[in-house]
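Numbering (this note's numbering), first residue to last: 2 to 172.
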């Protein structure tokens, strides 16, 4: 019987997901930084580079990997369970906070701009105040990290204030 630590599927999926997020962001436009140390809900930061200049426009990200994404019946989004404390952390950020949902089997990275999602669905703020520890968010199937990254560039330029409350807004 081995006396060495055993590996687990969750670690392998997480490592694959982080690798794919880094790989999918075009290097011409983005500098990827993986966060290490204490896990507070922030896994990576990607900084926008325009015209070969650093912009200080950033996306903070939480990476969630899976081998079997749960697609909604209508087929336009994936259902993803998230810890409310992670959602609150992301909503409190002044720069864009994005959930990266990674299908490691298909090697596809989907994204959900968290603040914009909650601003467009203000009733979700009520779910943050109940006694549950998790909330389901819907990650659109059309939001894919790829070479055509104009939407992500616009998201990186966003600034948010007054989160994680109903007062959250983009300025």
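Here a beta-carbon is modelled for each residue, glycine too, at the ideal position from N, C-alpha and C. Keep in mind the model is a prediction, meaning the values are calculated, not measured.
Cα-Cα separation, residue i to residue j
{"i": "residue 125", "j": "residue 65", "result": "20 Å"}
{"i": "residue 118", "j": "residue 38", "result": "28 Å"}
{"i": "residue 91", "j": "residue 136", "result": "14 Å"}
{"i": "residue 94", "j": "residue 162", "result": "8 Å"}
{"i": "residue 120", "j": "residue 9", "result": "37 Å"}
{"i": "residue 131", "j": "residue 150", "result": "36 Å"}
{"i": "residue 112", "j": "residue 133", "result": "24 Å"}
{"i": "residue 71", "j": "residue 80", "result": "6 Å"}
{"i": "residue 142", "j": "residue 55", "result": "30 Å"}
{"i": "residue 50", "j": "residue 68", "result": "32 Å"}
{"i": "residue 58", "j": "residue 155", "result": "10 Å"}
{"i": "residue 153", "j": "residue 116", "result": "14 Å"}
{"i": "residue 171", "j": "residue 158", "result": "10 Å"}
Limits of the unbroken beta strand (DSSP E) element including residue i
{"i": "residue 79", "result": "78-84"}
{"i": "residue 109", "result": "109-114"}
{"i": "residue 15", "result": "Counting along the chain, residue 15 falls outside any beta strand (DSSP E), though it belongs to the alpha helix (DSSP H) covering 10-25."}
{"i": "residue 45", "result": "45-51"}
{"i": "residue 141", "result": "135-141"}
Residues of its chain near residue i, where Cβ-Cβ distance is below 8 Å and the 5 sequence neighbours each way are ignored
{"i": "residue 34", "result": "45, 46, 47, 48"}
{"i": "residue 108", "result": "21"}
{"i": "residue 36", "result": "43, 44, 45, 46"}
Proximity winner among the options, relative to residue i (alpha-carbon distances)
{"i": "residue 82", "options": "95, 138, 164", "result": "138"}
{"i": "residue 147", "options": "3, 30, 167, 130", "result": "30"}
{"i": "residue 165", "options": "156, 128, 58, 79", "result": "128"}
{"i": "residue 160", "options": "122, 167, 98, 141", "result": "98"}
{"i": "residue 40", "options": "141, 86, 116, 122", "result": "86"}
{"i": "residue 169", "options": "43, 18, 54, 96", "result": "96"}
{"i": "residue 73", "options": "36, 140, 171", "result": "140"}
Endpoints, the alpha helix (DSSP H) within which residue i is located
{"i": "residue 1", "result": "No answer is possible for residue 1: it lies beyond the span of the chain, which begins at 2 and ends at 172."}
{"i": "residue 152", "result": "151-157"}
Residue environment, residue i, which counts as buried when at least 16 other CB atoms sit within 10 Å
{"i": "residue 144", "result": "buried"}
{"i": "residue 76", "result": "exposed"}
6 Å CB neighbourhood of residue i in its chain, flanking five on each side removed
{"i": "residue 110", "result": "21, 22, 25, 101, 103, 146"}
Neighbourhood of residue i by C-beta, 7 Å cutoff - its chain only, sequence neighbours within 5 removed
{"i": "residue 84", "result": "134, 135"}
{"i": "residue 17", "result": "66, 105"}
{"i": "residue 15", "result": "66"}
{"i": "residue 78", "result": "139, 140, 141, 142"}
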